[in-house]
Structures are given as structure tokens and as C-alpha cells.
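In the working numbering, the protein residues as written are 1316 to 1793.
Where a beta carbon is used, it is the ideal one built from N, C-alpha and C, also for glycine.
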Ligand SMILES: Cc1ncc(COP(=O)(O)O)c(C=O)c1O
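See the structure below:
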């Protein structure tokens, strides 16, 4: 204390300033508050004064301290709001026949004239901020011709080594030779299915599920058995058991974390249970871990393969949701089935582009990817929180929305009777794009549901689009 009361004034002023930022939504629930050092520097006060301000906000419930991580804005969203109900698809296999809805939506979603709520693609500004392009330029400058080659069958060895190191961080022991690099996660899913099924087979999947996966199933003449899925916990292991006992399922394909579109995160114990059930029936598990790095909590959730070592699990991933949708660099880790995967790959793409693989390897090895992840996680968490708030205040009263702990999509359940495809037509006339619910199933359901992408930095334009969409839904109710 300096005896003048000045310090009291300073820490209270800093606390009031931070509290104002929370009230105005500049700092969002669940977001990390500026570090003490940064706040102290910004306000021109000492570290101990900044700490006093943070402690005051902690006492008021505005911030919460997390050990070894700093201060976070307390998440005071109404957790008691009803969430979308667990799905209850018919317990039978369906042939997948998709109409042109996905293609139409993808065309509009990549059109910059439309509000970007349709495709789950990260904001181009965020991608640029990552600086991966500099690694690509350097690789081209330094080794250009050396990378104008067919890569070895599994793809760039340095990138596979980096991926193997990263997998180990979350307990997934993988040798670089267990990994095959692919053209995005799409090729990884395709190869995994090709290596573990035959045309006509049935694959058990979540419901709702990513429409691209349905397209792959259709392309490989596979049928879909949709499983009841809880919007927070994922598939119901008992329903999986029942389906396996009945027989006829050749493989199971689930997302590892934050599935698209529900954003659900299956707890480790249930993941272990699911892996055990599948092993018991001798059924391979293909997991899609594309959203695993986008966790809002402290720890990256572990994929099934890390929790059930030695099980027949094929893990798919890519950089598309975090830093490089256009580089088309993905991977498939399939320790028990590598030869079948390589054979399948030979007949599809032979090998992937060497230069983007090299750029990704350098980006990972220098720590650039981790820095970038920290930033994008913050942006996605903020957009998810603020979009949820905008939905709460502008959509019809009984709208339910998911509360994902990672990824960047929200799934909305509108009041019964509202058809998201009709809403889609109205929204498109106003240059707002989103993904109607029926795209996410092979069973003609989820008409009153829709998915909104939160992959963009929150701004007034995005807010206005969400509010207008809510208004259109209200008008449809009238
Ligand atoms: C769950 C899921 N898996 C796979 C993909 C496709 O990924 P990629 O662009 O790497 O092929 C997407 C893209 O939207 C996705 O949401």
C-alpha cells in the first residue's frame, strides 16, 4: 500500500474495466482472461495490483482461477436450459441415397456473398494468421524440385514422425509406419472403410452424422445403421450391443470427440466400454478425430485408440478444421491394417502432394501449430458462446441448442412443425447459408433441426445474420 488509497483505486478501476469487457461480451464465458502480466502492462499498474483486481473478480464470480493455467471468465450461461433430445433412429440398416442438397449447400457456403453459417470451415483470416503459408513458401524455395516427386507410399516421413509424437502426448502410441498420409480426412475415412468392409456391408454410425460420411458410404455401396446418440455423451453403448448381437454389422464409425453436428464428447469410460463391446464382437472401429485439437477445456480428449490399445481401431484426422482445409493433408493410423490401406490408396490417389506435407511437418516441428491452435480454440469458443447467446435471444422460444465443449458447430432443434428446409429457402433469399437437419441422416429425420457453423470470428455481421435467421424462424411459426 502506498498509504494514499491510490492502489485501491487502481485495482478497482482495473476490475471494473475487465468486468465491463465481460458484460459487453468482449470477454466471453469460458474464455481465458488476459494474463496478469498483460493486464498489468495494459493498465500501467504493478503485477500485485493486477492480482488484487483478479482476486476481486474471482470473489464476485466473474473470473475463476484454474491451476497452472490462469484466469478464465466464469461460464454463467444457463446450463439448465433444455438441450436437444437424444436421437432415436429406427433400429435397422438403411441404404444411403442422398439428394443434391449437400452439393447445393456447399456451393452457396463457399460463396463469400453468403453469411458463413453453412460449411464447417475455419475463417480464412484465422488461417492466414497461422503463418503456415510461410512454411510452404520456404519449402518450395529451398527444396522445390526435391518435392516435385511421388512420395513414399505412406507419405512424408518427417510429418508421420511429428504426428506420431503428437499422438503420444495424449497417450496414443503409434509408430510413424502405422500412419498413412491422405488427401484430407475424407480420403482417410474412405480408405479405412475400404480396408475393413465390402460393398453391401452395414456400418454402424452416429445419428445425426456428418453428411460427407454418408456420401462416402453411398459411394462405397455401404449401408448405414444409425445409432441413438446423446447430444453430450455420444452413442448409446447398449443400443450398439443390441445391434451387434442381432448381427450383420461389419464396422462401426464414430467420431472421437466433438462430433459433427452435435459436438458431443463421449466420456473416457464410455469410450472404453464401446471399444470393449466392439472387440468382443470382432468388429473394427473407425474413428474420426478431426475435431480433437479444438477442445475448449484444458485437455485434449483422447481418441478411442489411446484408451483401448491393441484394439482393431483405425484413426482418421486432418488439418482441415484447424489450419489448412486447402492443403488436403490428412492421415489414417491403422496399425493392424496398414497393407490393406496402402493397397486401397494405390487405386485411389497413389500418394499425396509432397510440398504441403513438408510444410505441415515444419509447422509442427517448430511449434507453429501449437501456437496457432491456442488462438483458434479461443476464437471458436468465443463464437460458439456468442452465437448461443444470439440464438437464445432471437430464435423461437422453444428452440434447443447444443452446448459443445469443442469443435465449432451448433445443432439447433426448432419447435416441431418448423421445417428447416423451408427456412433454408427463405434464408438463402437473404444470403444466409446454413445446413438443414435432414442432410445429416439416411433416415429422413431432423426436419426441424439445423446446424450452424461457428468457424468465423464473431462480428456484427455474423450476429445480424443469426438474429435474422431467428426472426425468419419466428415468422414461419406465425
Ligand atoms: C466430421 C468430419 N470429418 C471429415 C471431414 C472432412 O475433412 P477433410 O476436409 O479433411 O477431408 C469433415 C469436414 O467437414 C468433418 O466435419
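{"query": "Proximity winner among 1553, 1332, 1756, 1334, relative to residue 1765 (alpha-carbon distances)", "result": "1756"}
{"query": "Any non-hydrogen atom of ligand 1 closer than 6 Å to residue 1522 Cβ", "result": "no"}
{"query": "Residue environment, residue 1324, which counts as buried when at least 16 other CB atoms sit within 10 Å", "result": "exposed"}
{"query": "Per DSSP, cross-strand counterpart(s) of residue 1531", "result": "The partner list for residue 1531 (beta bridge, DSSP) is empty, contrary to what the question assumes."}
{"query": "Collapsed DSSP secondary structure at residue 1743 in the structure displayed", "result": "helix"}
{"query": "Endpoints, beta strand (DSSP E) assigned at residue 1569", "result": "1564-1570"}
{"query": "As assigned by DSSP and simplified to three states, the class of residue 1826", "result": "It is not possible to answer for residue 1826, since the shown part of the chain is limited to 1316 through 1793."}
{"query": "Presumed contact (8 Å Cβ cut-off) between residue 1684 and residue 1638, rounded CB distance", "result": "7 Å"}
{"query": "Nonlocal neighbours in the same chain, by C-beta distance under 7 Å from residue 1621, ignoring five residues either side", "result": "1485, 1486, 1487"}
{"query": "Residue 1471 burial status per 10 Å Cβ neighbour count (16 or more: buried)", "result": "buried"}
{"query": "Residue 1458 - DSSP class collapsed to helix/strand/coil", "result": "helix"}
{"query": "Cβ neighbour criterion (16 or more within 10 Å) applied to residue 1327", "result": "exposed"}
{"query": "beta-carbon residue 1605 near ligand 1 non-hydrogen atom, thresh 6 Å", "result": "yes"}
{"query": "Best match in 1654, 1759, 1793 for proximity to residue 1413 [C-alpha to C-alpha]", "result": "1759"}
{"query": "Residue environment, residue 1661, which counts as buried when at least 16 other CB atoms sit within 10 Å", "result": "exposed"}
{"query": "Run of the beta strand (DSSP E) containing residue 1661, from where it starts to where it stops", "result": "Looking at the DSSP string, residue 1661 is not in any beta strand (DSSP E); the run it does join, the alpha helix (DSSP H), is 1653-1661."}
{"query": "Host alpha helix (DSSP H) of residue 1369 (start-end)", "result": "1362-1374"}
{"query": "Spatial distance of residue 1359 from residue 1686 (CA atoms)", "result": "27 Å"}
{"query": "Spatial distance of residue 1466 from residue 1668 (CA atoms)", "result": "8 Å"}
{"query": "Any non-hydrogen atom of ligand 1 within 6 Å of residue 1572 CB", "result": "no"}
{"query": "Closer than 6 Å: residue 1501 CB and nearest ligand 1 heavy atom", "result": "yes"}
{"query": "Residue-chain proximity (residue 1787, chain B), Cβ-Cβ < 7 Å", "result": "The structure shown contains no chain B; it is built from a single protein chain."}
{"query": "The stretch 1695-1710 in contact with the stretch 1524-1541 per 3-pair CB rule at 8 Å", "result": "no"}
{"query": "heavy atom of ligand 1 below 6 Å from residue 1750 C-beta", "result": "no"}
{"query": "Helix, strand or coil at residue 1477 according to DSSP, with G and I counted as helix", "result": "helix"}
{"query": "Own chain partners of residue 1376 with C-beta closer than 6 Å, once the 5 adjacent residues on each side are dropped", "result": "1389"}
{"query": "Member of 1520, 1625, 1673 whose CA lies at the smallest distance from the CA of residue 1645", "result": "1673"}
{"query": "Residue 1601 in three-state terms, based on DSSP", "result": "strand"}
{"query": "Sheet register partners of residue 1726 (DSSP bridge)", "result": "1766"}
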